[in-house]
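Q: Quick note: the sequence shown uses the numbering used here, first residue 1184, plus one each step.
Before I ask anything, here is the structure I am working with.
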Amino acid sequence: MITGRGKALLTKFEFVLLLTVIVGTGAAAQSAGSQANIPKPGIKDAQVPFASLKPTASIQIGGTADWVLVTDDAVWVASTKPYAVVRIDPKTDKIVAKIRVPGEVCSGLASGFGSIWAPICGRHAGLIRIDAAANRISGKIPIALAGPEGGITASDDSVWMVTDKNGTLVRISPSTNSLPQRISILAGSYNPIFSNGFIWITCAEGSTLTAVDASSGAVVDTVQVGPNPRFLTSGGGSIWTLNQGDGTVTRVDEKSREVIATILVGIPGVGGDIAYGLGSVWPTVLGMPLTQIDATTSKVLKQWAGQGGDSVRYGFHSIWLTDYKKGLLLRIPEEQLMKR
């Protein structure tokens, strides 16, 4: 996902390119700038043209398309021109609802408690709550996201979001839309996900992953990952972080909370996304729309190079991938992706 740009050092990236994939067992988008133009050479030996994939659907969402979310019966994506959250029926690949919102959705969407939760940035900043059955806004909570390219997640009993750059993680009660708990985490943390009883939050302005007990709100651990981790996913017993500083993916074991793999993917820079499905991890960035990492071996299996990309999810036997700049949502069936 992308709402802006920042800066990075090419010399550091060039050094990283000299490395091979490191897999070890341990005790076990910002303001416009040059980072968007950092080369993304990827993994040459694994690359095929993105044009070799043939989507079964290409859905025009709006001026841009970002922040894909898959629920039990729908696929949701945010748009600009107009500002909206769009609902797609995966049975027909048709747009069935377009819920207008008062500003740009600048963060990942979350699903929980009969609602879609959409953080809005800008003049009308706040957290929009959408009734998923009625396809309409049911409330707005006057809390701002810490910054663009942030995140939001839902646990068994709460919704979670970071609300300032100092690292304030808030617990939101879905029954009252109130904030019963505020938790201090590392400054520069923005993106949370819920997995197996814990909230995991990346520190995009550092190189750490924080684990918070979702029941008590206690910070239980911090883990050193790659530089500038932002987007993350869970699956295969692990948390996977997409590290914008050097274009690697870090794999952290959920039980031991130790790094078990650092995977060279070659996709540094702002924006992007990462998802889990089909026993694989799927990073995306503009200019390198899709990469497949085997979740058992932590190896890059294939990388589709070309135009497009920026937000990705798996569901309904398909990868759902945005072409941010063209405002498109592409549906790519799993049988195409798993060909060898």
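Using N, Cα and C, we set each Cβ at its ideal position, and we do this for glycine too.
Given a threshold of 16 other Cβ atoms within 10 Å of its Cβ, counted over all protein chains shown, does P1265 qualify as buried or as exposed?
A: It is exposed - the Cβ of P1265 has fewer than 16 other Cβ atoms within 10 Å.
Q: Do I1324 and N1360 have their C-beta atoms within less than 8 Å of each other?
A: Contact: yes.
Q: So what's D1276 in DSSP terms, helix, strand or just coil?
A: Coil, per DSSP.
Q: Measuring straight from C-alpha to C-alpha, what distance separates P1412 and S1421?
A: Their backbone Cα atoms lie some 15 Å apart in a straight line.
Q: Given this structure, state the Cα-to-Cα distance separating E1518 from Y1507, to the nearest angstrom.
A: Cα to Cα, E1518 sits roughly 24 Å from Y1507.
Q: Run through the segment 1406-1437 for me and flag every whole beta strand (DSSP E) of 3 or more residues, listed as ranges in chain order.
A: 1412-1418, 1421-1426 and 1431-1436, all fully within the segment 1406-1437.
Q: Taking the Cβ atom as the reference point for each residue, do M1184 and W1250 lie within a distance shorter than 8 Å?
A: Yes.
Q: Does S1294 come out as helix, strand or coil in the three-state DSSP assignment?
A: The answer is strand: DSSP assigns S1294 an E or B state.
Q: Keeping to the same chain, check which residues put their C-beta closer than 8 Å to that of T1479; ignore five residues upstream and five downstream.
A: Closer than 8 Å at the Cβ level, and outside the excluded window around T1479, lie G1419 and G1462.
Q: Quick one: is G1380 buried, meaning 16 or more other Cβ sit within 10 Å of its Cβ, or exposed?
A: Label assigned to G1380: exposed.
Q: If you reduce the DSSP assignment to three classes, tell me which class Q1364 lands in.
A: Of the three classes helix, strand and coil, the one that applies to Q1364 here is strand, per DSSP.
Q: So what does DSSP say about D1396, is it helix, strand or coil?
A: In this structure, D1396 counts as strand in the three-state DSSP scheme.
Q: Quick check on this structure: which residue in D1436, S1341, D1256 and A1248 has the alpha carbon closest to the alpha carbon of S1358?
A: Selected option, being the one with the closest Cα: S1341.
Q: Using a 10 Å radius around the Cβ and a threshold of 16 neighbouring Cβ atoms, would you call R1514 buried or exposed?
A: Per the 10 Å Cβ criterion, buried.
Q: Whose CA, out of D1228, A1267 and W1343, lies closest to the CA of S1378?
A: Per the Cα distances, W1343.
Q: Given R1283, which residues of its chain have a CB within under 8 Å of its CB, disregarding the five upstream and five downstream residues?
A: So the list reads P1265, Y1266 and A1267, once near-sequence residues are dropped.
Q: Output the distance between the C-alpha atoms of G1371 and K1348, rounded to the nearest integer angstrom.
A: Cα-Cα distance, rounded: 5 Å.
Q: Identify every residue that forms a DSSP beta bridge with I1382.
A: Bridge partners of I1382: F1377 and V1395.
Q: Give the secondary structure of V1204 by DSSP, where H, G and I count as helix, E and B as strand, and everything else as coil.
A: Confidence at V1204 is low in this model, with a pLDDT of 35, below 50, so its placement is unreliable and the value that follows should be read with caution. Reduced to three states, the DSSP call for V1204 is coil.
Q: Per the DSSP calculation, L1513 is bridged to which residue(s)?
A: According to DSSP, which records beta bridges pairwise, L1513 is partnered with S1241 and L1504.
Q: Check whether the segment 1464-1479 and the segment 1443-1450 touch, using three or more Cβ-Cβ pairs below 8 Å as the test.
A: They touch, by the three-pair rule.
Q: Indicate whether A1229 and L1484 have their beta-carbon atoms separated by less than 8 Å.
A: Yes, the pair counts as a contact, with Cβ atoms nearer than the cut-off.
Q: Quick check on Q1243: buried or exposed, where buried means 16 or more other Cβ atoms within 10 Å of its Cβ?
A: Per the 10 Å Cβ criterion, exposed.
Q: Quick one: what does DSSP say D1340 is sitting in, helix, strand or coil?
A: Three-state result, D1340: coil.
Q: To the nearest angstrom, how far is it from the Cα of S1290 to the Cα of R1306?
A: If you take the alpha carbons of S1290 and R1306, they lie about 15 Å apart.
Q: Specify the secondary structure class of Q1519 as computed by DSSP and reduced to three states.
A: Helix, per DSSP.
Q: Mind reading off the beta-carbon distance from I1366 to L1352? Whole number of angstroms is fine, and I expect it under 8 Å.
A: With 8 Å as the limit, I1366 and L1352 qualify as a contact, their Cβ atoms being about 4 Å apart.
Q: What does DSSP give as the partner residue(s) for A1401 in the beta ladder?
A: DSSP output for A1401 lists no bridge partner at all.
Q: What first and last residue would you give for the beta strand (DSSP E) that runs through S1439?
A: Looking at the DSSP string, S1439 is not in any beta strand (DSSP E), and its letter there is neither H nor E.
Q: Starting from T1247, follow the beta strand (DSSP E) in both directions and report where the run begins and ends.
A: Note, T1247: beta strand (DSSP E), T1247 to V1253.
Q: Using DSSP with H/G/I as helix, E/B as strand and the rest coil, what is A1229?
A: A1229: helix per DSSP, three-state reduction.
Q: Which term fits D1493, buried or exposed, when burial requires 16 or more other beta carbons within 10 angstroms of its beta carbon?
A: The residue is buried, with at least 16 neighbouring Cβ atoms inside 10 Å.
Q: Measure from the alpha carbon of F1285 to the alpha carbon of each residue in A1261, M1471 and V1435, then state which is nearest.
A: Note that residue 1285 corresponds to Pro in the displayed sequence, not to Phe. Checking every option, the nearest Cα to that of P1285 belongs to A1261.
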